[in-house]
Amino acid sequence: MAAKRFSYALTGLVSAGLLFLPLFARNPYVLHVGIRVFMVSLSALGVRLILLSGNVSLGQAVFVAIGAYTSAILVMKLALSTWFALPLAGLMAAGLGAAIGWPALRLRGIYFTILTLCINGAVMRYIDNLGGLTGGLKGLYGIPQPASIALGNHSLVDFSAGKTPYYYYALALLAFCFVVMIRIDRSRLGAIFRGLAESEPLSSSVGVPVMRYKVLAFSIGCFFSGLSGAFHAHYFLFLQTSSFGAWDSVYYLVYAIVGGLQSAVGPALGCALMLGFFEVSRPLVKFQPLVYGGALVAIMLFAPAGLISLLSRLKGSISGSLKRRRERTPNPGVPA
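Numbering of the sequence shown is given in my numbering, commencing with residue 1 and proceeding in unit increments.
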């Protein structure tokens, strides 16, 4: 009970801090860092779901790029509202994930991982060759901001007013992703995904259609990467394939593993700490891969279950301490 109270209190405190941060953050750069953490966490959470089903993808940046270019093209070429383009971008990424995943997921282990890395380079090259549609190597510029939200003649949300609307927009997307991931974790679907990671032959022997669920996990992960890409396009207002390289896919994987896979909070925690460190140590940008690699090794050695496991230990320690204190405290209603 004490552990639950601690968990609820910590969740409420963090949620309140995130909600009210724009009221106290004087520097827009602070909000920019928060926006980047929320945006990247969407992809890291997608990677976590793929990992939970027993697969390692090094091509997740492809689906971020697909979401980004899909949303930008729908808005710029077809004059579609950004609010309609966002879910369509996610669905496009999920559809491509299903099309790629159905044959690719028949490979296992390192073979699938290497294939996703190759797909990353091939898709980026293909996007560069679609110069008339994607801007080619020069990139796509002049992408519109998200459409303002108005009630009558009164503007409720204006994205040209600063970073605060973007902050809450990204936070809402991340909250939606959390809800979906937590529901999956607590459902039969989540149990099936974890069973696939434990043993595909055993899952198949009890009647689980292995390929169908592996593709489903991959597609859901790609969907949230597509949402991340759509947000990226309308936040930075320009696109180049160099923004979605193989290293970005590696970083998504690092964030998920460093944060921990046992909870949906883990990848977001990994993003917050790793991206936060990167932002405060920009003079060391050349050494970022080395620093990230060192952090990954340290986590594997000292906290194999990720940073989220440290919170679990803290909750257990507090619960045990409170329980021992209650046991030592004499009950005045009971005679000694």
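A virtual CB, placed ideally from N, CA and C, is assigned to each residue, including glycine.
If we ignore side chains and look at the alpha-carbon of each, how far apart do residue i and residue j end up?
i, j, result
"Y251", "P209", "31 Å"
"L18", "L173", "14 Å"
"M211", "W102", "7 Å"
"L290", "S205", "43 Å"
"I192", "L310", "26 Å"
"Y166", "G207", "45 Å"
"L10", "A264", "15 Å"
"S199", "N55", "12 Å"
"V14", "S228", "22 Å"
"L42", "F178", "9 Å"
"T164", "L21", "10 Å"
"L140", "A161", "23 Å"
"K214", "L105", "7 Å"
"L52", "A197", "6 Å"
"G131", "L137", "7 Å"
"A338", "F176", "Because residue 338 is not part of the residues shown, which for the chain are 1 to 336, the question remains open."
"I127", "A295", "33 Å"
"I35", "G135", "26 Å"
Who pairs with residue i in a beta bridge, going by DSSP?
i, result
"S155", "A150"
"Y292", "The partner list for Y292 (beta bridge, DSSP) is empty, contrary to what the question assumes."
"L91", "Paired residue(s): none; L91 is not in a bridge."
"Y213", "Answer by DSSP bridge pairing: none, since Y213 is not bridged."
"Y141", "F238"
Might you give, ordered along the chain, the residues of its own chain that have their beta carbon closer than 6 Å to the beta carbon of residue i, omitting 5 neighbours on each side?
i, result
"L80", "L74"
"G221", "G46, L49, I50"
"A58", "For the sequence presented, residue 58 should be read as Leu rather than Ala. The answer, listed in chain order, is T113, T116, L117, S249."
"L96", "I66"
"A44", "Y252, Y255, A256, P267, C271"
"I182", "A264"
"F159", "Q145, P146, P165"
Once the 5 residues before and after residue i are set aside, which same chain residues still bring their CB inside 7 Å of it?
i, result
"E279", "V33"
Spatial neighbours of residue i within its chain, please: CB distance less than 8 Å, with the 5 preceding and 5 following residues excluded, ordered by chain position.
i, result
"S155", "S148, I149"
"G226", "F63, V64, I66, G67, T70, A89, G90, L91, M92, A93, A94"
"L307", "V258, G259, G260, G266, L269, G270, L273, I299"
"L202", "G195"
"F84", "L74"
Using 8 Å for Cβ pairs, my map puts residue i next to residue j. What's the rounded Cβ distance?
i, j, result
"R48", "L261", "6 Å"
"V143", "H234", "Just to set this straight, residue 143 is Ile in the shown sequence, not Val. At roughly 6 Å, the Cβ-Cβ gap stays under 8 Å, so I143 and H234 are in contact."
"S243", "A98", "Not a contact, Cβ separation roughly 24 Å."
"A230", "L86", "5 Å"
If we require 4 or more residues per run, which alpha helix (DSSP H) segments fall completely within the region 228-259? 246-259
Note down, one range per segment and in chain order, each alpha helix (DSSP H) of at least 4 residues found wholly within the region 167-202. Taking only runs of at least 4 residues, the alpha helix (DSSP H) segments lying wholly in the region 167-202 are 188-198.
Length at least 4, wholly inside the region 32-70: the alpha helix (DSSP H) runs in chain order: none
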